[in-house]
Amino acid sequence: MMSVCRAAAVSGLVLVAFAFFGLGAFSAGRASDQQAVEADARLRALRAEVVAMRQTQTARPFGTTGTIPETASLPASPQLRAEIIEDVKRQLREEMGLLPLQLLRARKDSFVELYAYDNLGKSSYGTAGYLGSGYFITVKHGVVALSDPAEEGSNGRSSSRQIVSVKVMYGKQALNARVVDVGEAQSEVDPGDWAIIKVHEPIDLPALSVKPGYAFDFADPIFRLGNDYSKGIILATGYVGQRTSNGLVTCLTDGHPGVSGGGVLDRHGQLVGIPVGRMQGDFRFSFILPLRREMFRRVPDLLSAN
Numbered sequence: 049m050m051s052v053c054r055a056a057a058v059s060g061l062v063l064v065a066f067a068f069f070g071l072g073a074f075s076a077g078r079a080s081d082q083q084a085v086e087a088d089a090r091l092r093a094l095r096a097e098v099v100a101m102r103q104t105q106t107a108r109p110f111g112t113t114g115t116i117p118e119t120a121s122l123p124a125s126p127q128l129r130a131e132i133i134e135d136v137k138r139q140l141r142e143e144m145g146l147l148p149l150q151l152l153r154a155r156k157d158s159f160v161e162l163y164a165y166d167n168l169g170k171s172s173y174g175t176a177g178y179l180g181s182g183y184f185i186t187v188k189h190g191v192v193a194l195s196d197p198a199e200e201g202s203n204g205r206s207s208s209r210q211i212v213s214v215k216v217m218y219g220k221q222a223l224n225a226r227v228v229d230v231g232e233a234q235s236e237v238d239p240g241d242w243a244i245i246k247v248h249e250p251i252d253l254p255a256l257s258v259k260p261g262y263a264f265d266f267a268d269p270i271f272r273l274g275n276d277y278s279k280g281i282i283l284a285t286g287y288v289g290q291r292t293s294n295g296l297v298t299c300l301t302d303g304h305p306g307v308s309g310g311g312v313l314d315r316h317g318q319l320v321g322i323p324v325g326r327m328q329g330d331f332r333f334s335f336i337l338p339l340r341r342e343m344f345r346r347v348p349d350l351l352s353a354n
């Protein structure tokens, strides 16, 4: 009897266990089905979003105008805008070492062709820069006969060559000029190789703005104007090299015959030096004489005006 009761109890426990197992499996299956449904819904939503993005982001050309935020403000006046634009242009010119074409063309009118005639019937040509009130600056060896070893006699004495006439071209007129002041140079391409000349006839030329003591820093851009080969005033550009032991400056600008006495301008268009010579056999290697205040000691009020 006891065995029968025990068997019945065991059978009941087994039935209860199967019931709970079946109930758990049923619940797990329902949860899994629910998760699958939710995953499918999210996937469909994502696909719909991708399709919508493709439709709204079709490649097409756009203009390059910009929009100004409401909090931003334009310059207060046309004058201020013009000042900003001019400042940007100036910075670009200085960074690139450029001068406005209008300024270069205006400076060209400040230089004239220079011609000198000696007592031996020979003539030479160079350049002179106008300072105002009839005064010009040029090189001494263009208006004064300096010692030249090639012209010395066999006895070692200097040649008797003398400059007897100096003229500058004003338009189509050749005006007589007299030497007012000169440096101490005894030969060409020297720190004292400078001269001031003057014409007495009234002339109408734009005067140069001079700047003695310019630093001539390495790689500074410069602009050289001169009477190349007696063909008129020609422009050349270059960059500062280095200072020589005697105070001249080297530069890679054209050193053609006739440019001596011309002008070397800085990036602001001011006269800062004069070309005085070149390396023998190399027209690309020029020597520049930096301006000094003493050069203008005989030119009334020139430095005060600048």
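Heads up: the sequence shown runs through residues 49 to 354, numbered per our numbering.
The beta carbon of each residue, even a glycine, is placed where N, CA and C say it ideally should be.
For residue i, I'd like the list of residues in its chain whose CB is within less than 6 Å of its CB, leaving aside the five on either flank, ordered along the chain.
| i | result |
| --- | --- |
| Ser278 | Tyr173 and Gly306 |
| Asp265 | none |
| Asp268 | Val288 |
| Lys259 | Gln318 and Val320 |
| Asn167 | Gln210 and Val212 |
With residue i and residue j assumed to form a contact (beta carbons below 8 Å), what rounded beta-carbon distance in angstroms separates them?
| i | j | result |
| --- | --- | --- |
| Val376 | Ser308 | Nothing in the structure corresponds to residue 376, since the chain is present only between 49 and 354. |
| Arg272 | Val320 | About 11 Å; that fails the 8 Å criterion. |
| Gly180 | Leu350 | 7 Å |
| Thr301 | Ser334 | 5 Å |
| Arg346 | Val228 | 5 Å |
On a Cα-Cα basis, can you pick out the residue from the options that is closest to residue i?
| i | options | result |
| --- | --- | --- |
| Tyr165 | Thr175, Val212 and Asp135 | Val212 |
| Gln234 | Asp265, Val187, Pro269 and Pro126 | Val187 |
| Asp157 | Asp135, Glu131 and Phe184 | Phe184 |
| Glu342 | Ala255, Val99, Val230 and Asn294 | Val230 |
| Gly169 | Ala89, Ile133, Glu134 and Ser208 | Ser208 |
| Leu339 | Trp242, Pro348, Arg95 and Leu128 | Trp242 |
| Glu161 | Gln127, Leu91, Asp276 and Arg129 | Asp276 |
| Val214 | Thr175, Gln82 and Asp88 | Thr175 |
| Gln210 | Phe344, Arg129, Ser195 and Lys259 | Ser195 |
| Gly303 | Val258, Asp81 and Gly274 | Gly274 |
| Val297 | Pro348, Ala84, Ala263 and Arg315 | Ala263 |
| Pro148 | Gly310, Arg332 and Asp314 | Asp314 |
Output yes or no for whether 8 Å exceeds the beta carbon distance between residue i and residue j.
| i | j | result |
| --- | --- | --- |
| Glu249 | Gly240 | no |
| Ala222 | Ile245 | no |
| Gly182 | Phe159 | no |
| Val216 | Val247 | yes |
| Leu253 | Leu152 | no |
| Cys299 | Ile281 | no |
| Arg155 | Gly317 | yes |
Counting only the same chain and skipping the five closest in sequence on each side, list residues whose C-beta sits under 7 Å from that of residue i.
| i | result |
| --- | --- |
| Ser171 | Tyr163, Ala164 and Tyr165 |
| Tyr218 | Val160 and Ile251 |
Is it right to say residue i is buried, meaning 16 or more other beta carbons lie within 10 angstroms of its own, or is it exposed?
| i | result |
| --- | --- |
| Gly190 | buried |
| Ser125 | exposed |
| Ile336 | buried |
| Arg92 | exposed |
| Ile322 | buried |
| Arg326 | buried |
| Gly295 | exposed |
| Leu256 | buried |
| Thr292 | exposed |
| Asp135 | exposed |
| Asp81 | exposed |
| Met49 | Reliability fails at Met49, whose pLDDT of 49 lies under 50, so the model's placement of it is uncertain and the value that follows must be treated cautiously. That one is exposed. |
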